[in-house]
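Residue numbers (our numbering): 5 to 537.
What follows is the structure, encoded as structure tokens:
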């Protein structure tokens with residue numbers, strides 16, 4: 005397959021609805037994409053014929069149900085596969101309704117078959133509210149999908165292809181904004197580490213890959229290691245390399261810091277790193293130098309470090325199990341991933357993604373009773389977060405296929421959930437609702453203590469622990485708005501951008517800046533004699 009000759013693909017948008025075409029024309033060019041909207045599949049096919057044989061540097065956005073012209077979306081997919089059997093142009097299928105009776109057979113034939121034509125499926129309805137911020141974010145997500153699809157198609161899997169951050173909730177939108185900003189801070193001349201925090205299954209490696217993909221290092225290696233999966237005696241040589249004879253079985257080999265070159269080194273489960281190695285890692289971050297085990301000389305390394313942990317790193321610092329200086333050096337830029345319980349409105353979108361991704365597990369399933377299925381999946385709390393939800397969807401598909409009915413129903417979901425998770429209480433409300441109420445009370449209490457001065461803004465780890473990592477900045481935004489409402493104020497609290505600015509950098513100084521900003525902006529939150537104007 006020929007390499008791409010364009011940094012960005014031409015986007016051919018086959019859409020018969022003028023409203024959606026106009027929206028795309030307004031928003032997609034802002035993300036570096038040249039857009040050619042077409043009302044019919046026939047027009048789209050005619051344009052593709054002019055772009056080479058096979059067409060290069062083009063991504064097709066295809067509406068599933070076309071009312072103009074003689075061809076439907078499925079007809080165009082057939083024509084593309086027949087016309088260019090070796091390398092048809094990549095297609096992202098769009099729909100305003102979740103018509104799984106149409107989508108699932110198309111996914112099996114054109115997304116998981118040969119040749120591959122469909123690279124992604126997205127529902128246009130999600131996120132496209134009348135709020136300008138929501139619309140901007142939705143097209144930003146779509147533009148990101150176009151760039152990734154173009155890269156996958158042209159490079160043939162030879163470069164890192166990050167999975168998508170699936171979601172439309174304020175929490176995940178906030179994460180995406182942070183990732184976009186922090187990624188650009190990882191240029192070759194600015195080796196700034198990033199610390200990714202979050203519970204198991206929230207997508208920490210997804211964020212690490214996205215940080216790499218969006219950075220100037222995207223064409224360099226992405227190297228990952230799980231610090232908890234390697235014995236302490238071997239972890240040092242894995243990271244720093246070794247020389248022959250340094251220990252039994254040692255050979256001359258470079259470590260992962262050297263292997264990563266000027267790319268990204270992802271240190272997963274950094275909280276499990278032994279204290280002896282924490283000191284050596286700190287030196288690498290400060291000096292950019294490593295010494296192979298058994299060797300005297302030092303070597304310069306330029307890889308960017310992205311670290312992640314599901315541990316309460318603040319508690320570990322307080323207990324002396326994790327170096328405070330390393331924490332502040334790693335956490336200069338930090339991203340906190342919310343648990344699935346903190347972004348429940350994303351469940352529908354995640355379920356859509358998993359159904360299409362794993363459809364081959366259910367060869368006999370041709371339709372989904374989608375609304376009851378979503379309700380059944382949304383009625384549970386998932387301790388394993390997004391990873392556990394994906395596992396439940398996969399098991400549900402397998403059970404539905406084995407049932408012989410050809411249809412995935414809520415009963416298959418309940419069977420997949422049985423024995424693993426407790427059902428919603430009939431009397432006490434859902435566990436999720438209880439957790440959200442408790443989180444709201446905690447956010448209010450911490451905010452009041454901070455503003456009043458009862459809680460000194462000197463320990464970021466303690467504050468992060470108190471908030472349970474449910475997106476610190478976002479929880480403060482909500483807490484401010486709740487307090488304003490109780491005081492009869494109708495104005496909104498800080499924007500997402502302001503909150504990210506307040507908490508973009510770890511350390512006590514960020515809290516002092518935040519307190520000053522909060523007291524200037526919201527004097528009614530401060531106690532008498534402090535912050536009043």
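We put the beta carbon where it would ideally sit given N, CA and C, even for glycine.
Source: prediction; values computed, not measured.
- Item | Span separating the alpha-carbon of residue 239 from that of residue 281 | On the chain shown, residue 239 is found 235 positions in, with the first residue counted as 1. On the chain shown, residue 281 is found 277 positions in, with the first residue counted as 1. Taking the straight line from one Cα to the other gives about 9 Å.
- Query: Does the beta-carbon of residue 182 have 16 or more other beta-carbons within 10 angstroms, so that it is buried, or is it exposed?
  - Reply: Counting from 1 along the chain shown, the entry for residue 182 is found at position 178. Classification of residue 182: buried, given that the 10 Å Cβ count is 16 or more.
- Item | Unbroken stretches of the beta strand (DSSP E), 3 residues or longer, contained in the stretch 77-164 | 95-99 and 122-127
- Message: Count Cβ pairs between the stretch 139-150 and the stretch 168-188 that sit closer than 8 Å; are there 3 or more?
- Response: yes
- Message: Quick check: the Cα distance between residue 118 and residue 340, rounded to an integer number of angstroms?
- Response: What you label residue 118 is simply residue 114 of the chain shown in a count that begins at 1. What you label residue 340 is simply residue 336 of the chain shown in a count that begins at 1. In a straight line, the C-alpha of residue 118 is about 39 Å away from that of residue 340.
- Taking all protein chains shown into account, decide if residue 13 is buried (16 or more other Cβ within 10 angstroms of its Cβ) or exposed. Position 9 of the chain shown, counting from 1, holds the residue named residue 13. Counting Cβ neighbours within 10 Å, residue 13 comes out buried, since at least 16 surround it.
- Since I believe residue 104 is in contact with residue 319 (beta carbons under 8 Å), could you give me their beta-carbon distance rounded to a whole number of angstroms? Here residue 319 corresponds to residue number 315 of the chain shown, with the count starting at 1. Here residue 104 corresponds to residue number 100 of the chain shown, with the count starting at 1. That pair is no contact at about 44 Å.
- Query: Within 10 angstroms of its Cβ, does residue 301 collect 16 or more other Cβ (buried), or is it exposed?
  - Reply: Stepping through the chain shown from its first residue, residue 301 is reached at position 297. With fewer than 16 other Cβ atoms within 10 Å, it is exposed.
- Message: Would you say residue 69 lies against chain D (beta-carbon separation less than 9 Å)?
- Response: The structure shown has no chain D; it contains just one protein chain.
- Query: Below 9 Å between beta carbons: does that hold for residue 199 and residue 311?
  - Reply: For the purposes of this step, residue 199 is taken as the residue at position 195 of the chain shown. For the purposes of this step, residue 311 is taken as the residue at position 307 of the chain shown. Yes, the Cβ-Cβ distance between residue 199 and residue 311 is below 9 Å.
- Task: With DSSP as the reference, label residue 409 as helix, strand or coil.
- Result: Stepping through the chain shown from its first residue, residue 409 is reached at position 405. In the structure shown, residue 409 sits in coil (DSSP, three-state: anything other than H, G, I, E or B).
- Reducing DSSP to helix, strand and coil, say where residue 70 ends up. Counted from its first residue, the chain shown places residue 70 at position 66. Here residue 70 sits in coil by DSSP.
- Could you tell me which residues DSSP puts in a beta bridge with residue 75? In the chain shown, residue 75 corresponds to position 71, counting from 1. Residue 75 is not bridged to any residue.
- Item | Rounded separation between residue 4 and residue 185 - CA only | Residue 4 is absent from the model: the chain starts at 5 and stops at 537.
- Query: For residue 298, which of 30, 259 and 36 has the nearest alpha-carbon?
  - Reply: On the chain shown, position 294 is the one that residue 298 refers to. Of the candidates 30, 259 and 36, the residue whose Cα lies closest to the Cα of residue 298 is 259.
- Which full runs of the beta strand (DSSP E) of 3+ residues lie inside the stretch 257-304, going along the chain? 268-272
- Message: Tell me the DSSP secondary structure of residue 17 in three-state form.
- Response: The residue labelled residue 17 in the question sits at position 13 within the chain shown. Three-state DSSP puts residue 17 in a strand.
- Task: Using the Cα positions of residue 443 and residue 345, report the straight-line distance between them to the nearest angstrom.
- Result: Walking along the chain shown from the start, residue 443 turns up at place 439. Walking along the chain shown from the start, residue 345 turns up at place 341. Bear in mind that the predicted position of residue 443 carries a pLDDT of just 49, short of 50, making it unreliable; the figure below should be weighed with that in mind. Residue 345 has its alpha-carbon roughly 11 Å from the corresponding atom of residue 443.
- Message: According to DSSP, simplified to helix, strand and coil, what is residue 12?
- Response: In the chain shown, residue 12 corresponds to position 8, counting from 1. In the structure shown, residue 12 sits in coil (DSSP, three-state: anything other than H, G, I, E or B).
- Item | Endpoints, alpha helix (DSSP H) assigned at residue 241 | In the chain shown, residue 241 corresponds to position 237, counting from 1. Element bounds for residue 241: 236-244.
- Mind checking whether the beta-carbon of residue 375 lies closer than 8 Å to any heavy atom of the ligand FAD? The ligand FAD is absent from the structure shown, which contains no ligand whatsoever.
- Query: Whose C-alpha, out of 287, 229 and 286, is nearest the C-alpha of residue 269?
  - Reply: In the chain shown, counting from the first residue as 1, residue 269 sits at position 265. When only C-alpha atoms are compared, the closest one is 229.
- Item | Start and end residues, beta strand (DSSP E) containing residue 229 | For the purposes of this step, residue 229 is taken as residue 225 along the chain shown, with counting starting at 1. Its beta strand (DSSP E) spans residues 226-230.
- Alpha carbon to alpha carbon, how far is residue 92 from residue 236? The residue you call residue 92 lines up with position 88 of the chain shown. The residue you call residue 236 lines up with position 232 of the chain shown. Roughly 49 Å separates the two Cα atoms.
- Please report the residue range of the beta strand (DSSP E) in which residue 42 lies. Taking the chain shown and counting its residues from 1, one reaches residue 42 at position 38. Residues 38-42.
- Message: Pop quiz: residue 66 and residue 100 are said to be a contact at Cβ under 8 Å. What is the actual Cβ separation, rounded to whole angstroms?
- Response: Residue 66 sits at position 62 when you count from the first residue of the chain shown. Residue 100 sits at position 96 when you count from the first residue of the chain shown. Not quite, the Cβ-Cβ distance comes to about 13 Å (not below 8 Å), so this is no contact.
- Task: Could you say which of 50, 46 and 276 lies nearest to residue 71 if we only look at CA atoms?
- Result: Here residue 71 is taken as the residue at index 67 of the chain shown, counted from 1. Of the candidates 50, 46 and 276, 46 places its Cα closest to the Cα of residue 71.
- Go ahead and pull the three-state DSSP assignment for residue 308. Stepping through the chain shown from its first residue, residue 308 is reached at position 304. In the structure shown, residue 308 adopts extended strand secondary structure according to DSSP, grouped into three states.
- Message: Assuming residue 1 is part of the alpha helix (DSSP H), what are its boundary residues?
- Response: Past the boundaries of the shown model lies residue 1; the chain is included only from 5 to 537, so the question cannot be answered.
- Give the range of the alpha helix (DSSP H) segment to which residue 382 is assigned. Counting from 1 along the chain shown, the entry for residue 382 is found at position 378. 374-382 is the span of the alpha helix (DSSP H), which, as asked, contains residue 382.
- Given 8 Å, three or more beta-carbon pairs between the stretch 52-60 and the stretch 22-32: no
- Query: Smallest Cα separation from residue 232: which of 195, 208, 257 and 272?
  - Reply: Position 228 of the chain shown holds residue 232. Of the listed residues, the one whose Cα sits closest to residue 232 is 272.
- Item | Per-residue burial, residue 296 [other beta carbons within 10 Å of its own, 16 or more giving buried] | Numbered from its first residue, the chain shown carries residue 296 at position 292. The residue in question, residue 296, is buried, as its Cβ has 16 or more Cβ neighbours within 10 Å.
- In whole angstroms, what separates the C-alpha of residue 291 from that of residue 366? As a first step, residue 291 must be located in the chain shown, where it is residue number 287. As a first step, residue 366 must be located in the chain shown, where it is residue number 362. So the alpha carbons of these two residues sit roughly 53 Å apart.
- Could you give the distance in angstroms between the alpha-carbon of residue 89 and the alpha-carbon of residue 383? If you number the chain shown from 1, residue 89 lands on position 85. If you number the chain shown from 1, residue 383 lands on position 379. About 44 Å.
- Query: Measuring CB to CB, does residue 173 end up less than 9 Å from residue 348?
  - Reply: Locating residue 173 in the chain shown gives position 169, counting from the first residue. Locating residue 348 in the chain shown gives position 344, counting from the first residue. Yes, these two residues count as a Cβ contact at 9 Å.
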